[in-house]
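Visitor: Got a structure here, written out as structure tokens. Questions coming.
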Amino acid sequence: MTLKEAVSRFVKNGDNVGIGGFVNLRQPVATVHEMVRQGFKDLTLSFQSAAMAPELLAGAMMVRPDHCSIKRIELAYWGHEAYGLSPAWRYLAERGMIEFEDWSNYNMSARFKAGAMGLPFIPTRGPLGGDIKNTSRTKVIDCPFTGRPIALLPASNPNVGLIHVQAADMYGNCIIRGTDATCAEIAMASAHTIVTCEQLLSHEVITSNPKDIMIPFPAVDAVIQVPYGAYPGACRRHYYFNGEHIREFLALIAPMVKGGSSDALKAWYDENIFGVENFDDYIEKFSTKKLLADQAAESYHCERLA
Amino acid sequence: MTLKEAVSRFVKNGDNVGIGGFVNLRQPVATVHEMVRQGFKDLTLSFQSAAMAPELLAGAMMVRPDHCSIKRIELAYWGHEAYGLSPAWRYLAERGMIEFEDWSNYNMSARFKAGAMGLPFIPTRGPLGGDIKNTSRTKVIDCPFTGRPIALLPASNPNVGLIHVQAADMYGNCIIRGTDATCAEIAMASAHTIVTCEQLLSHEVITSNPKDIMIPFPAVDAVIQVPYGAYPGACRRHYYFNGEHIREFLALIAPMVKGGSSDALKAWYDENIFGVENFDDYIEKFSTKKLLADQAAESYHCERLA
Amino acid sequence: MTVSTDYTAQEIIVVAGAKILENNKIVFVGTGLPMVASLLAKLTHAPGLIPVFEAGAMGPPLKHGLPISVGDSKTGTGASYMKGLNAAFELTQRGFADFGFIGGAEVDMYGNLNSTMMGDYPDGYQKPKVRLPGSGGASDMAASCERTILIVPHDKKKFNEKLSYITSPGHLDGTPGARYKAGMQGKGPYRLITTKGIFDFEEKTKRMRILHTFPGETIESIQAATGFELLVAPDVTQFAPPTVEEVRLIREEVDPNGVFVKRAAK
Amino acid sequence: MTVSTDYTAQEIIVVAGAKILENNKIVFVGTGLPMVASLLAKLTHAPGLIPVFEAGAMGPPLKHGLPISVGDSKTGTGASYMKGLNAAFELTQRGFADFGFIGGAEVDMYGNLNSTMMGDYPDGYQKPKVRLPGSGGASDMAASCERTILIVPHDKKKFNEKLSYITSPGHLDGTPGARYKAGMQGKGPYRLITTKGIFDFEEKTKRMRILHTFPGETIESIQAATGFELLVAPDVTQFAPPTVEEVRLIREEVDPNGVFVKRAAK
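Residue numbers (my numbering), protein chains in the order written: chain A, 29 to 334; chain B, 29 to 334; chain C, 2 to 267; chain D, 2 to 267.
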């Protein structure tokens with residue numbers, strides 16, 4: 029199955045879409061490009077902390093609202109850490125263009141975990157005390173064992189989960205290097221899961237150390253090898269952040285927060301997404317020098333022979 | 029710290045003791061031997077499925093009740109699978125000598141997990157429908173999100189957890205090969221944790237692949253290298269079950285279920301536990317041929333170069 | 002295929018269990034005969050069968066033979082997933098297990114199983130007549146697998162109107178939607194295999210029903226060994242005896258050491 | 002040790018943050034300046050400091066330098082634990098984090114923080130005046146770490162009697178046992194570091210209290226930049242300016258690329 033076919037088959041208008049990775053680490057960027065190319069309507073996005081994935085989806089809504097629209101977001105954090113705030117988040121929220129439900133990183137991770145466990149809810153302490161419990165569907169109960177307040181969070185079971193991993197086999201058994209983030213939980217919780225991977229390898233190699241498998245095949249519906257599939261974000265053992273590119277992209281959106289023109293952003297989408305056939309064509313636009321430098325940076329601090 | 033010191037320091041009379049491993053896999057046999065040698069009073073034992081560990085503790089109570097006593101057991105299964113039922117379990121339960129609370133494997137694992145997560149309870153579906161919910165502290169509530177019944181299980185936070193692992197560093201970072209069973213949860217849930225390991229290695233080696241670490245050091249209070257520490261049970265990558273020895277030990281207890289004499293069992297404890305200084309002396313009693321055969325069996329089906 | 006003339010009661014159970022399993026399905030395998038049946042199925046009609054063992058392993062090829070324990074290292078080699086008990090049961094609670102394959106010491110007409118205690122319940126719970134090992138993972142499989150396959154040796158004392166203790170809930174009291182109302186998931190007991198035949202649970206009443214008799218048994222002989230009234234399927238047939246090849250596989254390849262299948266001839 | 006004469010406002014925050022951290026303690030580190038301060042602490046008085054990053058890593062030696070993100074691969078190399086977000090937060094909820102180190106866009110006198118929105122709450126929640134990134138893991142750290150250290154740039158518009166939104170609860174309304182009653186764990190805000198000084202929260206009232214003034218600031222100048230009445234500790238002292246060596250460490254070793262500590266001179 030190609031990524032084009034997987035997106036066409038598993039992402040439907042109105043879906044709740046679970047986004048894997050963490051901030052700009054292992055975000056499902058290639059899949060998001062394909063979604064933008066094909067268009068989408070009335071999506072709900074669910075994630076703990078995300079960056080380029082929602083930014084690309086929201087940017088598309090800002091330039092082509094007829095083609096791409098987000099209805100609702102359930103999230104803990106949308107921003108880019110060292111690379112700055114998310115201008116698209118500000119644009120959409122401050123104009124009242126989308127619904128949203130604030131949670132924390134642990135809240136969202138625990139909600140996916142409840143979904144992955146087949147439970148309708150999970151208790152956590154996280155949202156107690158502050159306003160998150162007031163603006164979300166949290167139910168605070170008195171614990172029947174201790175008598176103290178505890179929060180119950182509703183499970184999150186997205187219609188489709190989007191996950192990028194280092195390696196997988198054709199059945200969907202996935203190996204994740206570095207932090208798992210909340211990817212296994214999202215994959216298990218979602219009705220369908222699309223996995224993109226840096227390496228597609230034989231079942232025998234993938235299962236040679238079964239404990240490396242973080243997502244087992246029953247949780248996965250489509251596996252597509254897409255090298256650099258999380259770029260310009262980072263992917264452990266493969267490439268470090270291309271911060272320059274992230275900053276440049278954000279700089280195209282930022283003026284729109286204050287009412288500026290969408291022309292530059294529109295041109296970016298036309299060139300990088302609508303004007304290309306697939307994600308490989310987008311990666312082709314980067315200089316080899318830069319791609320190799322980002323690989324080298326990662327291999328330096330990852331300290332591992334290839 | 030020696031195992032003798034660790035047991036003396038961290039296992040107190042009246043404690044709730046969490047037992048790691050699963051049936052006869054990676055049971056904390058060496059630690060249990062040391063507990064029997066030192067004696068214990070009024071313990072509560074908590075485990076999902078266990079075999080030699082509770083059998084050795086209970087057998088000691090059957091031959092020297094003045095020196096060793098179990099008060100209560102919270103469990104899912106006590107038996108030896110292919111090697112048969114547990115005669116000590118039948119002996120103590122059928123005579124009304126201990127309290128117990130039946131749970132399932134998932135119930136107990138989830139209860140440890142709740143404890144490990146710092147939560148007072150965890151929801152599961154497991155005990156619904158049957159009698160486990162009636163004979164345990166399970167609370168069945170109507171889910172506030174779906175309206176359907178769901179069970180809440182109280183967390184288990186043992187006073188001390190006993191865990192045997194393949195490898196650890198001096199700080200207590202533990203690598204587990206093969207199934208983790210519920211060892212990480214028990215270690216995290218327990219107020220104190222005693223770890224025995226086949227290999228005690230440098231911090232640098234243990235952390236060379238951080239994702240191999242299943243129990244992080246803050247959860248561990250004592251680490252002691254004890255080769256064959258789960259024997260005659262199995263330990264992945266190291267040795268397979270010594271079924272013959274397990275059967276022989278059970279055969280010493282079995283007659284007592286029907287009122288037979290305790291002489292043979294007492295002789296076993298005198299020879300193998302009370303009559304030796306430490307677990308190494310017990311392992312010394314096995315023939316090298318047998319120990320090597322159990323290593324060879326494991327290395328054959330584990331399929332890994334040493 | 003030549004029919005075996007010296008198969009044992011355990012061997013026909015294993016063959017029946019294997020045949021009920023379907024290729025490429027996920028089966029949560031309890032310890033003992035379910036492991037033997039699953040391995041036989043993998044070696045015959047269901048090479049793509051995906052076993053889950055509660056200690057943590059999913060989908061091992063089992064090329065090193067029969068595990069002695071569901072936590073056996075043999076279940077780990079080549080597995081597609083191997084965390085621990087919580088992960089295996091969470092996967093099941095999430096609805097990924099097509100079948101759960103469990104045993105029990107006592108069964109009632111609705112496929113509820115007891116593996117906890119024999120004696121006076123609830124008063125004698127803390128001092129049972131016979132203390133059994135306990136649920137293990139059976140009650141979890143019973144509550145969450147899509148369908149369960151039960152194995153209970155046929156014996157009038159074990160097939161009772163009322164169980165001493167319901168460890169693993171089946172169809173509960175048989176009323177419509179009883180499992181759903183109790184908060185459980187899945188369709189409940191699908192087949193029961195005993196030493197005398199194969200049973201299903203009648204659609205409407207959820208009562209145990211004879212589907213196939215084993216060689217040498219009749220509807221009457223089976224009813225006589227059962228402590229409650231059995232239903233009888235409209236088209237009860239005799240289950241074909243194991244073939245020589247099936248028995249050879251069990252004795253020589255699946256369980257050559259007689260770990261779970263005893264060697265005594267029938 | 003020679004005192005620096007060209008340190009920036011961010012650099013004194015980083016030095017102050019580092020000094021509050023204690024050796025061999027576990028600190029749950031939020032993104033940004035807390036990461037810089039933690040790395041500086043590790044390079045100076047607290048080599049045994051154990052950072053936890055919410056994406057999953059605990060206890061990395063950080064010998065490849067400052068992470069750009071709490072999910073950065075640099076946090077993983079040599080770590081003592083690395084699962085994912087749930088594991089990191091569960092460890093914290095279990096009570097293993099001695100310190101939580103978090104920032105916010107707005108703070109009140111009880112150390113409650115807002116990093117969600119500026120505007121009219123609750124009516125304008127769905128259409129805020131300024132939409133901030135959201136809690137991230139800050140509210141979880143606030144609810145479960147033993148003590149929290151807060152960083153907020155000092156600005157009258159950010160030090161308010163009433164927050165637009167309480168993202169990360171501190172001492173709530175300051176009443177005795179308020180945190181415990183709400184179901185939280187830990188002692189709550191321990192120190193607040195701003196661009197003007199260091200504050201604690203007075204034992205009884207849990208109200209923000211000046212502890213140290215930064216060079217160039219006075220109790221009066223700080224009060225003037227604060228939207229509520231500050232308490233003043235009996236023994237307020239001036240916080241020593243960063244040394245030349247501390248500033249060199251920040252600029253050359255901790256954050257040589259100015260990822261979080263901007264290069265503009267004060």
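We put the beta carbon where it would ideally sit given N, CA and C, even for glycine.
#1: Does DSSP classify residue 186(C) as helix, strand or coil?
#2: Exposed or buried, what is residue 316(B) when buried is set at 16 or more other beta-carbons lying within 10 Å of its beta-carbon?
#3: Can you give the Cα-Cα distance for residue 221(D) and residue 184(D), rounded to whole angstroms?
#4: Hey, could you find the ends of the beta strand (DSSP E) residue 44(B) is sitting in?
#5: Residues bridged to residue 59(D) by DSSP?
#6: Can you check whether the C-beta of residue 149(B) is within less than 8 Å of a C-beta belonging to chain A?
#7: Measure the alpha-carbon distance for residue 2(C) versus residue 228(C) and round it to whole angstroms.
#8: Going residue by residue through the stretch 254-291 of chain B, where are the continuous alpha helix (DSSP H) segments of at least 4 residues, counting only ones entirely within it?
#9: Curious, which full-length beta strand (DSSP E) runs of at least 3 residues does the stretch 30-73 of chain B contain?
#10: If you check the beta carbons only, do residue 15(D) and residue 52(D) fall under 8 Å apart?
#11: Give a yes or no on whether the minimum CB-CB distance between residue 106(D) and chain A is below 8 Å.
#12: Nearest to residue 323(A) by CA position, among 251(A), 198(A), 226(A), 285(A), is which residue?
#13: So residue 256(B) and residue 311(B) are in contact, right, with Cβ under 8 Å, and what is the actual spacing, rounded?
#14: In three-state terms, what does DSSP make of residue 236(D)?
#15: If I measure Cβ to Cβ from residue 13(A) and keep anything under 6 Å in the same chain, skipping five residues before and after, which residues do I get?
#16: Compute the Euclidean distance between the alpha carbons of residue 204(B) and residue 212(B), then round it to the nearest angstrom.
#17: Can you name the residues that DSSP bridges to residue 119(D)?
#18: State the Cα-Cα distance for the pair residue 42(B) and residue 43(C), rounded to the nearest angstrom.
#19: Any idea what DSSP makes of residue 145(C), helix, strand or coil?
#20: Starting from residue 106(B), follow its DSSP beta bridges and name the residues at the other end.
#21: Could you tell me the alpha carbon to alpha carbon distance between residue 48(B) and residue 55(B), rounded to whole angstroms?
#22: If distances are taken between C-alpha atoms only, which option among 34(A), 265(A), 75(A) comes closest to residue 134(D)?
#23: Alpha carbon to alpha carbon, how far is residue 112(B) from residue 140(A)? Give it in angstroms, no decimals.
#24: Is residue 238(C) buried or exposed, if buried means 16 or more other CB atoms sit within 10 Å of its CB?
#25: Answer yes or no: do residue 173(D) and residue 126(D) have a C-beta to C-beta separation smaller than 8 Å?
#26: In chain B, which residues lie less than 8 Å from residue 260(A) when you measure between Cβ atoms?
#27: If you measure between the beta carbons of residue 149(D) and residue 189(D), is that distance less than 8 Å?
#28: Considering just the uninterrupted stretch of the beta strand (DSSP E) at residue 249(D), what are its terminal residues?
#29: Is residue 238(A) helix, strand or coil when you go by DSSP?
#30: Skipping 5 residues on each side, what residues in its chain have a beta carbon closer than 6 Å to that of residue 243(A)?
#31: Among 88(D), 38(D), 72(D), 200(D), which residue has its Cα nearest to the Cα of residue 50(A)?
#32: List, in order along the chain, the chain B residues whose C-beta lies closer than 9 Å to that of residue 178(A)?
#33: From the DSSP secondary-structure annotation, give me the bridge partner or partners of residue 170(B).
#34: Please name the residue, chosen from 299(A), 232(A), 143(A), that lies closest to residue 189(A) on a Cα-to-Cα basis.
#35: Following the continuous alpha helix (DSSP H) through residue 139(B), name the residue where it begins and the one where it ends.
#36: Just list the residues that DSSP pairs residue 227(B) with in beta bridges.
Guide: Put simply:
#1: Residue 186(C) falls in the coil class under three-state DSSP.
#2: Taking all protein chains in view, the Cβ of residue 316(B) is surrounded by fewer than 16 other Cβ atoms within 10 Å, so the residue is classified as exposed.
#3: Distance between the alpha carbons of residue 221(D) and residue 184(D): 37 Å.
#4: For residue 44(B), the enclosing beta strand (DSSP E) covers residues 44-47.
#5: Answer is 53(D), 82(D).
#6: Answer yes: the Cβ-Cβ gap between residue 149(B) and chain A drops below 8 Å somewhere.
#7: Going by the C-alpha atoms only, they are around 36 Å apart.
#8: As far as the stretch 254-291 of chain B is concerned, its whole alpha helix (DSSP H) runs of at least 4 residues are 271-285.
#9: The stretch 30-73 of chain B is shown to contain whole beta strand (DSSP E) runs of 3 or more residues at 44-47, in chain order.
#10: The answer is no: Cβ separation not under 8 Å.
#11: Judged by the 8 Å Cβ criterion, residue 106(D) is not in contact with chain A.
#12: Residue 226(A) is the option with its Cα nearest to residue 323(A).
#13: Right, their Cβ atoms sit about 5 Å apart.
#14: It is a strand residue.
#15: Residue 13(A) cannot be examined here, being either before or after the span of chain A that is shown, 29 to 334.
#16: Approximately 9 Å between the Cα atoms of the pair.
#17: Answer is 131(D), bridged to residue 119(D).
#18: Each residue's alpha carbon lies about 48 Å from the other.
#19: Of the three classes helix, strand and coil, the one that applies to residue 145(C) here is helix, per DSSP.
#20: Per DSSP, the beta-bridge partners of residue 106(B) are 78(B).
#21: Distance between the alpha carbons of residue 48(B) and residue 55(B): 6 Å.
#22: Of the candidates 34(A), 265(A), 75(A), the residue whose Cα lies closest to the Cα of residue 134(D) is 75(A).
#23: Using only the alpha carbons, I get a separation of about 40 Å.
#24: Exposed, by the Cβ-count rule.
#25: In this structure, residue 173(D) keeps its C-beta atom at 8 Å or more from the C-beta atom of residue 126(D).
#26: Those do not exist, as residue 260(A) stays about 25 Å from chain B at its closest Cβ, beyond 8 Å.
#27: Taking the C-beta atoms as reference points, residue 189(D) is found nearer than 8 Å to residue 149(D).
#28: It is not in any beta strand (DSSP E) - residue 249(D) instead sits in the alpha helix (DSSP H) that spans 245-249.
#29: In the three-state scheme derived from DSSP, where H, G and I count as helix and E and B as strand, residue 238(A) is classed as helix.
#30: Result list for residue 243(A): 202, 212, 215, in chain order.
#31: Of the listed residues, the one whose Cα sits closest to residue 50(A) is 72(D).
#32: Chain-order list of chain B residues neighbouring residue 178(A): 147, 148, 149, by C-beta distance under 9 Å.
#33: Within the DSSP bridge table, the entry for residue 170(B) names 177(B) as partners.
#34: Nearest Cα to residue 189(A) within the set 299(A), 232(A), 143(A): 143(A).
#35: From DSSP, the alpha helix (DSSP H) with residue 139(B) extends over 133-145.
#36: Beta bridge pairing from DSSP links residue 227(B) with 195(B).
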